[in-house]
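Numbering (this note's numbering), first residue to last: 290 to 649. Worksheet: the structure to be examined is printed underneath.
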Amino acid sequence: MIVYQNDIWTVSSHVGYYATPFFHYYGIINYKQYKIIVGPTFQLESADHELRNLAFQADIPVKEVDRFIKAMKNIVHMPLSSVLQMLCTVNFVLNREKLTLKDITIYDSEQRNLDKLFANRMVDNSLENNRPEKQEDVYTSYSVEQKLMDIISMGQTAVLKEWLSTAPAIRPGILSADYLRQLKNIFIVSTSLASRVAIRGGLDAKTSFNLSDLYIQQMEQLHNPEQITNLQYHMIMDYTERVERVRIGKHPTQLAMQVANYVQNHLYESITVNQLSSALHISRSRLTARFKKETGMTLTEFITKEKIKEAKRLLQFTSKSLEAISDYLAFSSQSHFSRVFKNYEKCTPGEYRRRVPYSS
290 MIVYQNDIWT VSSHVGYYAT PFFHYYGIIN YKQYKIIVGP TFQLESADHE
340 LRNLAFQADI PVKEVDRFIK AMKNIVHMPL SSVLQMLCTV NFVLNREKLT
390 LKDITIYDSE QRNLDKLFAN RMVDNSLENN RPEKQEDVYT SYSVEQKLMD
440 IISMGQTAVL KEWLSTAPAI RPGILSADYL RQLKNIFIVS TSLASRVAIR
490 GGLDAKTSFN LSDLYIQQME QLHNPEQITN LQYHMIMDYT ERVERVRIGK
540 HPTQLAMQVA NYVQNHLYES ITVNQLSSAL HISRSRLTAR FKKETGMTLT
590 EFITKEKIKE AKRLLQFTSK SLEAISDYLA FSSQSHFSRV FKNYEKCTPG
640 EYRRRVPYSS
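This is the structure we're talking about:
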């Protein structure tokens with residue numbers, strides 16, 4: 290909880306819940322001067338690399354990370370609706386206030402930190418689209434949908450941000466007479482489409498479908514149109530960024546995408562060519578030869594490049610020490626990390642951090 294303590298502490302309503310970027314949930318009840326926090330809990334099992342990421346953010350010592358992951362995996366999975374029902378019951382006992390699920394507010398740092406310009410423009414487009422005098426100016430939904438799906442499948446994050454800032458209004462088909470249910474149905478359709486084109490773009494199928502389930506489950510707990518629109522924007526960005534991370538070049542081969550998926554899922558571990566060949570069920574010699582031929586890089590070069598790319602992100606967007614980042618990315622030592630980093634970036638990690646503006 291320490292990672293999200295500041296956000297959780299801002300919850301002032303009698304009952305609320307906080308959703309982390311990993312889809313872990315904390316229930317909050319405020320009673321007089323007390324704050325009761327329940328959690329974390331989650332609906333689907335978290336991947337090891339996600340829990341390693343969480344351990345890193347929580348400053349768990351390297352020697353304790355495996356125990357932390359094991360403990361997190363032992364937490365009983367609970368449907369979010371069950372957690373919310375429990376919160377309502379406890380709140381009634383303590384605050385003598387009868388609430389239903391739709392009365393509970395979600396507090397979500399990811400959603401609050403979404404780029405409001407893009408999110409608001411999407412809302413404005415939706416509202417504008419419902420005005421009768423603007424119907425003749427509306428683009429066909431099919432062409433817009435195809436453009437968006439192409440962007441996701443290619444992992445073009447920068448293109449997506451630019452496109453969303455000027456995205457044309459579309460008129461979706463009527464899926465429900467209820468406006469909120471209509472938005473939720475559109476979200477489900479959009480998420481299903483995004484999950485499938487992400488797989489086409491190279492994202493691992495299991496990861497893609499699990500992510501789809503998590504987004505739809507979280508959306509179903511929302512009762513505010515703007516929250517649903519914001520979450521939809523975040524879902525689209527998330528899929529696009531994940532595809533971008535596993536694509537190598539404009540036309541990656543199946544093998545290249547399999548390697549990239551494995552590396553992304555084990556980025557915070559020590560990765561060997563033998564591990565890769567075993568996971569992909571292909572001999573070491575054939576794997577190394579094919580990967581070099583298809584990408585122009587050796588496997589070691591690719592693995593190191595991805596680790597350095599992540600190191601740059603951590604140096605800019607976190608205040609973690611160089612030692613912590615080195616351990617997190619499974620370099621043998623801080624000096625080894627600094628040496629490899631300088632070989633790729635022509636500067637030390639410390640120099641790089643001083644050069645780029647810090648973004649919290």
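Glycine included, every Cβ here is placed at the ideal spot set by N, Cα and C.
Where Lys324 is concerned, there is no enclosing alpha helix (DSSP H), although the beta strand (DSSP E) around it starts and stops at Tyr323 to Thr330. In this structure, Val372 is the residue among Val372, Glu353, Asp355 and Arg356 with its C-alpha nearest to the C-alpha of Thr330.
Between Ser559 and Ala613, the C-beta gap is not smaller than 8 Å, which leaves the two residues out of contact. Taken through DSSP and simplified to helix, strand or coil, Tyr617 comes out as helix.
Following the DSSP letters along the chain, one finds Ala336 in no alpha helix (DSSP H), marked with neither H nor E.
Under the 8 Å Cβ criterion, the stretch 526–540 counts as touching the stretch 443–454, having at least three qualifying pairs. Per the C-alpha coordinates, the member of Phe591, Thr542, Val304 and Tyr504 positioned closest to Lys387 is Val304. Per DSSP, Asn380 is not a residue of any beta strand (DSSP E); the alpha helix (DSSP H) it occupies stretches across Leu369 to Asn384. Between Leu492 and Phe312, the CB-CB gap reaches or exceeds 8 Å. Excluding five sequence positions before and after Thr542, the CB atoms of its chain that fall closer than 7 Å to its own CB belong to Glu583, given in chain order.
Approximately 7 Å separates the beta-carbon atoms of Asn554 and Ala336; this is inside 8 Å, confirming the contact.
Per DSSP, the continuous alpha helix (DSSP H) segment holding Lys359 begins and ends at Val354 to Lys362. Shown here for His512: same chain residues with a beta carbon closer than 6 Å to its own, the five before and five after excluded, namely Lys391 in chain order. The shortest CA-to-CA distance from Thr593 to any of Ser621, Ser501 and Lys324 is the one to Ser621. Around the Cβ of Ser484, a 10 Å sphere holds 16 or more other Cβ atoms; the residue is buried. The criterion of a C-beta distance shorter than 8 Å is not satisfied by Val548 and Gln605. Under a 10 Å Cβ-count criterion, Ser497 is classified as buried, with 16 or more other Cβ atoms of the shown protein chains found around its own Cβ.
With contacts defined as CB atoms closer than 8 Å, Tyr307 and Asp296 qualify as a contacting pair. Membership of Leu482 in the alpha helix (DSSP H) is indicated by the continuous run Tyr468 to Arg489.
Listed in chain order, the non-local C-beta contacts of Arg489 below 6 Å within the same chain comprise Ser442, local neighbours out to five positions each way being set aside. In terms of Cα proximity to Glu640, the closest of Tyr617, Asp616 and Ala600 is Ala600. Cβ neighbours of Val351 within its own chain (closer than 7 Å, five residues either side excluded): Asp616. The continuous stretches of alpha helix (DSSP H) do not include Ile571, and DSSP gives it neither H nor E.
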